[in-house]
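Data first, discussion second: the structure below is written as structure tokens.
Chains as they are written, first to last, in this note's numbering: chain B, 1 to 101; chain D, 1001 to 1488.
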């Protein structure tokens, strides 16, 4: 957890997040990420062996929600939804081609 | 007492209570249409400077007001929030109205549906005035991360209103709405309420439906009300709370009559005061105001008990790993495909994704997405995200143990009062550290209320945070009412 973040790390993570940072943004991000990760390294002080992660607090609450039956039900109106698309043929969303060749 | 109280300028024109407005409309002494018109007049005057509203919903508001007036004319009983002018944080969707989440990436997004909380407010007769400014995607503690400019604190316009629900808090403080909805992921209702001198409610996770909330961190996000007084905030919670088939994380726990419950005296309640919230970093004037509030509770017949929550210091790193990890997943949907901004200069799909996101997202959002992606990435997942979720359980269990001994826990809501615009924007980590008193409850899923309990020498409001166990909102309201009574 104490590894220092490098420019390559920032580039790799940016690619995963579909973000392309400018060199200036990258430099700032490097400083910020290192500062924050230095700070969160404090969590290493705690012994969490055998502690189950708590991803959803509803686990602690008295009531848990039931799931509904897996039935098809009406959803949003297609016209209303496609109207919000940057480009659409009213049925599909249109995007630039996926593969260049 | 006289020498110590400081008046809060914004409340020179304090709004009526919801009950008084409803009574006036019922008895036809006031027309809802006129009340709403006067709110819009005030908005027109104050909004250019304070930048609280991003968009207005005049047509919808006037139609609703007319509906309420028609009911009153027929002598029909009015719904519980009849005629109440409300504002909605711009991360909650309202059909056909721009819902930007404070971001350029959704500048022209007009949702095809209403958030459940909006539907419930309107069914109760509330009048939707417009959408409120906030930090971009609810990420921030000062409303300085909005792509549409900061909100100014009505108490002192050179200062921040807090964040991320800065607009929601400021609207009530400036009487540009009688009640508003905001959201709280790490403190974004409580802290701005404290900075602006109004009441803010953090409902238990799952108490209020998140359907229609543009998600930041799905295991932390809560929708909650702001109002000028505790009873009104409790009334609004009662209207929006309750299970929703459209939100699988919403709880079927029964919704109490929170307003009536808040009328019950606080005498006999056991109040825990955790020493970790009164250590270094706490502004002395904030401490003084909170200690006065605790004396009030003692005088009201509460038993004050010093307690310890020893893992408090680990809450911020835990929060910033969990929240950013979840945010990186939630914000992946903003890719220019189905809605929102699409960059015009892309030739391939991959470029379209990254250009749209680069150009549409602000710096803080990008920072959190990257941090979250890093924490979840192969080789780091165990060390960061998993570790944080384990510490989260430790923090939550610490609260559960405390609530076996006390009924409520009181703390300062924020270590400092409202700071000046631009004061903390240069150092993201410093901004994060200001959330120290609020993130603990966020991680544990418990509920709380922040209630104004005093002011600093220059008149900056100080809020006291009252925390209660899961679904213990009634207890939190009772304690908050006792604190409020002394400050009135």
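A virtual CB, placed ideally from N, CA and C, is assigned to each residue, including glycine. What you are looking at is a predicted structure, and each value in this text was computed from that prediction instead of being measured.
Quick check: what's the CA-CA separation for residue i versus residue j?
{"i": "residue 1193 of chain D", "j": "residue 1226 of chain D", "result": "7 Å"}
{"i": "residue 1339 of chain D", "j": "residue 1461 of chain D", "result": "40 Å"}
{"i": "residue 1448 of chain D", "j": "residue 1164 of chain D", "result": "17 Å"}
{"i": "residue 1415 of chain D", "j": "residue 1195 of chain D", "result": "11 Å"}
{"i": "residue 71 of chain B", "j": "residue 1349 of chain D", "result": "34 Å"}
{"i": "residue 99 of chain B", "j": "residue 1354 of chain D", "result": "16 Å"}
{"i": "residue 1071 of chain D", "j": "residue 1078 of chain D", "result": "7 Å"}
{"i": "residue 1454 of chain D", "j": "residue 96 of chain B", "result": "57 Å"}
{"i": "residue 5 of chain B", "j": "residue 44 of chain B", "result": "17 Å"}
{"i": "residue 1375 of chain D", "j": "residue 1368 of chain D", "result": "10 Å"}
{"i": "residue 1124 of chain D", "j": "residue 1209 of chain D", "result": "16 Å"}
{"i": "residue 16 of chain B", "j": "residue 1352 of chain D", "result": "14 Å"}
{"i": "residue 1094 of chain D", "j": "residue 1304 of chain D", "result": "44 Å"}
{"i": "residue 1080 of chain D", "j": "residue 1127 of chain D", "result": "12 Å"}
{"i": "residue 1175 of chain D", "j": "residue 1218 of chain D", "result": "31 Å"}
{"i": "residue 1440 of chain D", "j": "residue 1387 of chain D", "result": "16 Å"}
{"i": "residue 1428 of chain D", "j": "residue 1055 of chain D", "result": "29 Å"}
Put residue i into one of helix, strand or coil per three-state DSSP.
{"i": "residue 1242 of chain D", "result": "coil"}
{"i": "residue 1153 of chain D", "result": "strand"}
{"i": "residue 75 of chain B", "result": "coil"}
{"i": "residue 1127 of chain D", "result": "strand"}
{"i": "residue 1447 of chain D", "result": "strand"}
{"i": "residue 29 of chain B", "result": "helix"}
{"i": "residue 1039 of chain D", "result": "helix"}
{"i": "residue 95 of chain B", "result": "coil"}
{"i": "residue 1053 of chain D", "result": "strand"}
{"i": "residue 69 of chain B", "result": "coil"}
{"i": "residue 1460 of chain D", "result": "coil"}
{"i": "residue 1386 of chain D", "result": "helix"}
{"i": "residue 1372 of chain D", "result": "helix"}
{"i": "residue 23 of chain B", "result": "helix"}
{"i": "residue 83 of chain B", "result": "helix"}
{"i": "residue 1477 of chain D", "result": "helix"}
{"i": "residue 1058 of chain D", "result": "helix"}
{"i": "residue 1411 of chain D", "result": "strand"}
{"i": "residue 1454 of chain D", "result": "strand"}
Give the residues of chain D in contact with residue i, contact being defined as C-beta atoms less than 7 Å apart.
{"i": "residue 52 of chain B", "result": "1393"}
For residue i, which residues in chain D fall below 9 Å Cβ to Cβ?
{"i": "residue 97 of chain B", "result": "1347, 1348, 1349"}
Given residue i, which residues of its chain have a CB within under 6 Å of its CB, disregarding the five upstream and five downstream residues?
{"i": "residue 1012 of chain D", "result": "Reliability fails at residue 1012 of chain D, whose pLDDT of 44 lies under 50, so the model's placement of it is uncertain and the value that follows must be treated cautiously. Excluding positions up to five away in sequence, the list is empty."}
{"i": "residue 1430 of chain D", "result": "1424"}
{"i": "residue 1481 of chain D", "result": "1230, 1262"}
{"i": "residue 1032 of chain D", "result": "1025, 1065, 1068, 1069, 1083"}
{"i": "residue 1330 of chain D", "result": "1215"}
{"i": "residue 13 of chain B", "result": "none"}
So residue i contacts chain A; which residues on that side make the cut at Cβ distance below 9 Å?
{"i": "residue 20 of chain B", "result": "Absent here is chain A; the protein component of the structure consists of chains B and D."}
Applying a beta-carbon distance threshold of less than 7 Å, which residues of chain B neighbour residue i?
{"i": "residue 1110 of chain D", "result": "84"}
{"i": "residue 1277 of chain D", "result": "What residue 1277 of chain D touches in chain B: nothing, since even the nearest Cβ is about 18 Å away."}
{"i": "residue 1106 of chain D", "result": "Result: empty, since nearest Cβ-Cβ is about 10 Å, beyond 7 Å."}
So residue i contacts chain D; which residues on that side make the cut at Cβ distance below 8 Å?
{"i": "residue 70 of chain B", "result": "Under the 8 Å cutoff, chain D gives no residues; its nearest Cβ is about 13 Å from residue 70 of chain B."}
{"i": "residue 48 of chain B", "result": "1387, 1390, 1391, 1394"}
{"i": "residue 61 of chain B", "result": "1204, 1205, 1206, 1251, 1253, 1445, 1470, 1471"}
{"i": "residue 92 of chain B", "result": "Those within 8 Å of residue 92 of chain B in chain D number zero; the least Cβ separation is about 10 Å."}
Please go through the same chain and pick out, in chain order, the residues whose beta-carbon is closer than 8 Å to the beta-carbon of residue i, but skip the five residues on each side of it.
{"i": "residue 1275 of chain D", "result": "1306, 1307, 1308"}
{"i": "residue 1001 of chain D", "result": "In this predicted model, residue 1001 of chain D has a pLDDT of only 34, less than 50, meaning its place in the structure is not dependable; the value taken from the coordinates is given anyway. Closer than 8 Å at the Cβ level, and outside the excluded window around residue 1001 of chain D, lies no residue."}
If the cut is a Cβ gap below 8 Å, which residues of chain B does residue i touch?
{"i": "residue 1403 of chain D", "result": "Those do not exist, as residue 1403 of chain D stays about 11 Å from chain B at its closest Cβ, beyond 8 Å."}
For residue i, which residues in the same chain have their Cβ closer than 7 Å to its Cβ, ignoring the five residues on either side in sequence?
{"i": "residue 30 of chain B", "result": "5, 7, 10"}
### Message
At 4 residues or longer, what runs of the alpha helix (DSSP H) sit wholly inside the segment 1267–1330 of chain D?
### Response
1284–1299, 1315–1330
### Message
Which complete beta strand (DSSP E) runs does the segment 1164–1209 of chain D hold, if anything under 3 residues is left out?
### Response
1179–1184, 1199–1202
### Message
So within the segment 1412–1436 of chain D, which uninterrupted alpha helix (DSSP H) runs reach at least 4 residues, ignoring any that extend past its ends?
### Response
1428–1433
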